[in-house]
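2 protein chains.
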Amino acid sequence: MDLAEAHIRKAGYGGFSFRDLAAEVGIKSASVHHHFPTKASMAAAVARRYRDRFFAAVARQPNESPEDAIATYRAAFRAALDQDGRMCLFGVLGAEAGVLSPELAEEIQSFFRRCIADLSQRIGGPAAEARAFHVMATLEGGMMLASAYRSIEAFDQAAASLTT
Amino acid sequence: MDLAEAHIRKAGYGGFSFRDLAAEVGIKSASVHHHFPTKASMAAAVARRYRDRFFAAVARQPNESPEDAIATYRAAFRAALDQDGRMCLFGVLGAEAGVLSPELAEEIQSFFRRCIADLSQRIGGPAAEARAFHVMATLEGGMMLASAYRSIEAFDQAAASLTT
DNA sequence: GTCTATAATTTGATAGAC
DNA sequence: GTCTATCAAATTATAGAC
Numbered sequence: 398m399d400l401a402e403a404h405i406r407k408a409g410y411g412g413f414s415f416r417d418l419a420a421e422v423g424i425k426s427a428s429v430h431h432h433f434p435t436k437a438s439m440a441a442a443v444a445r446r447y448r449d450r451f452f453a454a455v456a457r458q459p460n461e462s463p464e465d466a467i468a469t470y471r472a473a474f475r476a477a478l479d480q481d482g483r484m485c486l487f488g489v490l491g492a493e494a495g496v497l498s499p500e501l502a503e504e505i506q507s508f509f510r511r512c513i514a515d516l517s518q519r520i521g522g523p524a525a526e527a528r529a530f531h532v533m534a535t536l537e538g539g540m541m542l543a544s545a546y547r548s549i550e551a552f553d554q555a556a557a558s559l560t561t
Numbered sequence: 398m399d400l401a402e403a404h405i406r407k408a409g410y411g412g413f414s415f416r417d418l419a420a421e422v423g424i425k426s427a428s429v430h431h432h433f434p435t436k437a438s439m440a441a442a443v444a445r446r447y448r449d450r451f452f453a454a455v456a457r458q459p460n461e462s463p464e465d466a467i468a469t470y471r472a473a474f475r476a477a478l479d480q481d482g483r484m485c486l487f488g489v490l491g492a493e494a495g496v497l498s499p500e501l502a503e504e505i506q507s508f509f510r511r512c513i514a515d516l517s518q519r520i521g522g523p524a525a526e527a528r529a530f531h532v533m534a535t536l537e538g539g540m541m542l543a544s545a546y547r548s549i550e551a552f553d554q555a556a557a558s559l560t561t
């Protein structure tokens, strides 16, 4: 699953194959099928694991200000980029959502809905939801720019103004 | 090229094949190879055409304010989304830039460099470049969110606050 | 849990006729 | 410019032995 995640984040859903994963682990592709019946089911499992890790990382802090919440999200995205220089898993999959399996498409939409709902609540106020959309778009887009530029500075420049 | 562009914007580089394109046009895949020697060369040609169309659409207006320039970019992204509900070509490809051909990777980076340079100049002032990065990230991320949500409202919410 | 073996399909690409 | 024919490789997936 670690390898599958790395491949998806680097090259999208089509960027990993059971054979490649198996070879890198040192087993055969049939053995991978023993754990995940289909490619779509494995991608969905990887997505669920990524989602759980992500929401654990952005968990609400005590006595948190709206600016703190946004900074927490930004730091989580930045850490993912800093560790391995790769895109957000859901950012990659979201871009090709049009042709993925229904199970996976639902997983993607559900991730972003949960991000927006969580951020909106923690930001509060009248324009909270619009600001939540803005924050998520900027962070995802910033990761994409950093991926294209191969430089984390692109992310930092894009996301700097999110907090006042 | 129209069909190739549609497929890439919906599903990424791996989302189109010469056979599929040929079948949709009513010819054979060998005939497509007559026009484009390789898949990478065709994708690069599609990217160049998209780039030229994009920069024509965001051309500088006379007596333009910084807010006007940003609004022009936002309108161009929104129009692409509104017409066919698909991602920005370079947004999709940028997310999977890690495994594309060098020719294509260079085309992607060059597109974003040109966007940032153009926007920076039209915005002006001390923090112009950072604001240009911010605008591009928000627009690309907003398209991705709209793609995942299958709703243009996600884009509008994300990009509303870009202009004052 | 892992293997061998294999099926069925798709893919990118080429040679050469018309 | 388009075709037929074909290749070599890769892909997803399954059956059944160990």
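So the sequences go chain by chain: A and B. Position 115 of the first sequence, counted from 1, bears residue number 512 in the working numbering, the numbering being contiguous throughout. Position 102 of the second sequence, counted from 1, bears residue number 499 in the working numbering, the numbering being contiguous throughout. Idealized CB from N, CA, C, for every residue including glycine. Fair warning: this is a prediction, and the values are worked out from it, not measured in the lab.
Taking just the CA atoms, how far does valine 429 (chain B) sit from cysteine 485 (chain A)?
-> Rounded to the nearest whole angstrom, the CA to CA distance from cysteine 485 (chain A) to valine 429 (chain B) is 35 Å.
How about leucine 559 (chain B) and phenylalanine 509 (chain A): are their beta carbons less than 8 Å apart?
-> Going by C-beta atoms, leucine 559 (chain B) is not nearer than 8 Å to phenylalanine 509 (chain A).
In chain A, which residues lie with their C-beta within 9 Å of the C-beta of leucine 516 (chain B)?
-> Within 9 Å Cβ-Cβ: nothing; leucine 516 (chain B) doesn't reach chain A, min ~12 Å.
Can you name the residues of chain B whose CB is closer than 7 Å to the CB of alanine 551 (chain A)?
-> Phe530
Segments of 4+ residues assigned as alpha helix (DSSP H) that fall wholly inside the stretch 428-466 of chain A | 436-454
Determine, using beta carbons only, whether phenylalanine 406 (chain B) and arginine 471 (chain B) come nearer to each other than 8 Å.
-> For the record, residue 406 (chain B) in the displayed sequence is arginine; it is not phenylalanine. No.
Following the continuous alpha helix (DSSP H) through cysteine 512 (chain A), name the residue where it begins and the one where it ends.
-> 499-520
Please decide whether isoleucine 505 (chain A) counts as near chain B, where near means a Cβ-Cβ distance under 8 Å.
-> True, the Cβ-Cβ gap to chain B drops below 8 Å.
Chain-ordered chain A contacts of valine 489 (chain B) [CB-CB under 8 Å] = Ala492 and Glu493
Is the beta carbon of glycine 491 (chain B) sitting closer than 8 Å to the one on isoleucine 505 (chain B)?
-> Result yes, Cβ atoms of glycine 491 (chain B) and isoleucine 505 (chain B) sit closer than 8 Å.
Closest residue to alanine 545 (chain B) among A:Gly412, A:Ala527, A:Glu537 and A:Arg475 (Cα-Cα distance) | Just measuring C-alpha positions, the residue of A:Gly412, A:Ala527, A:Glu537 and A:Arg475 sitting nearest alanine 545 (chain B) is A:Glu537.
Does alanine 437 (chain A) come within less than 8 Å of chain B when only Cβ atoms are used?
-> no
Does any residue of chain B bring its CB to less than 8 Å from the CB of valine 455 (chain A)?
-> Proximity of valine 455 (chain A) to chain B, defined by a Cβ-Cβ separation below 8 Å, is not satisfied.
Decide if glutamine 480 (chain B) is buried, meaning its Cβ has at least 16 other Cβ atoms within 10 Å, or exposed.
-> exposed
Do histidine 432 (chain A) and threonine 535 (chain B) have their C-beta atoms closer together than 8 Å?
-> Not a contact, by the Cβ cut-off of 8 Å.
Hey, could you find the ends of the alpha helix (DSSP H) alanine 560 (chain B) is sitting in?
-> The displayed chain sequence assigns threonine, not alanine, to residue 560 (chain B). First-last for threonine 560 (chain B): undefined, no H or E at that position.
Any beta-carbon of chain A closer than 8 Å to the one on glycine 409 (chain B)?
-> yes
Residue span of the alpha helix (DSSP H) that contains glycine 482 (chain A), given as start and end = Where glycine 482 (chain A) is concerned, there is no enclosing alpha helix (DSSP H), given that its DSSP letter is neither H nor E.
Leaving out five residues before and five after glutamate 526 (chain A) in sequence, what residues of the same chain have Cβ atoms less than 8 Å from its Cβ?
-> Ile513 and Ser517
Taking buried to mean at least 16 other C-beta atoms within 10 Å of its own C-beta, is arginine 528 (chain B) buried or exposed?
-> buried
At least one CB of chain B closer than 8 Å to the CB of threonine 535 (chain A): is that the case?
-> yes
Pull up the distance between the alpha-carbon of glycine 521 (chain B) and that of aspartate 465 (chain B), whole angstroms please.
-> In a straight line, the C-alpha of glycine 521 (chain B) is about 12 Å away from that of aspartate 465 (chain B).
Take the Cβ of alanine 476 (chain A) as the centre, count every other Cβ of all protein chains shown within 10 Å, and call the residue buried at 16 or more, exposed below.
-> exposed
Inter-residue Cα distance where the pair is threonine 435 (chain A) and alanine 401 (chain A) | 13 Å
What whole-angstrom Cβ distance do glutamate 493 (chain B) and alanine 408 (chain A) have, given they're in contact under 8 Å?
-> 5 Å
Assign isoleucine 467 (chain B) to one of two classes, buried (16 or more other C-beta atoms within 10 Å of its C-beta) or exposed (fewer than that).
-> buried
What is the DSSP secondary structure of serine 544 (chain A), counted as helix, strand or coil?
-> helix
Interface flag, serine 558 (chain B) vs chain A, CB-CB below 8 Å = At least one C-beta of chain A is nearer than 8 Å to the C-beta of serine 558 (chain B).
Do you know offhand how far alanine 556 (chain A)'s Cα is from serine 548 (chain A)'s?
-> 14 Å
Nearest-angstrom Cα distance between aspartate 478 (chain B) and methionine 540 (chain B)?
-> Note on residue identity: the sequence assigns leucine, not aspartate, to residue 478 (chain B). Leucine 478 (chain B) and methionine 540 (chain B) have their alpha carbons spaced roughly 7 Å apart.
What residues from chain A crowd round leucine 542 (chain B), counting only those whose CB sits closer than 8 Å?
-> Gly491, Phe509, Phe530, Met533, Ala534 and Glu537
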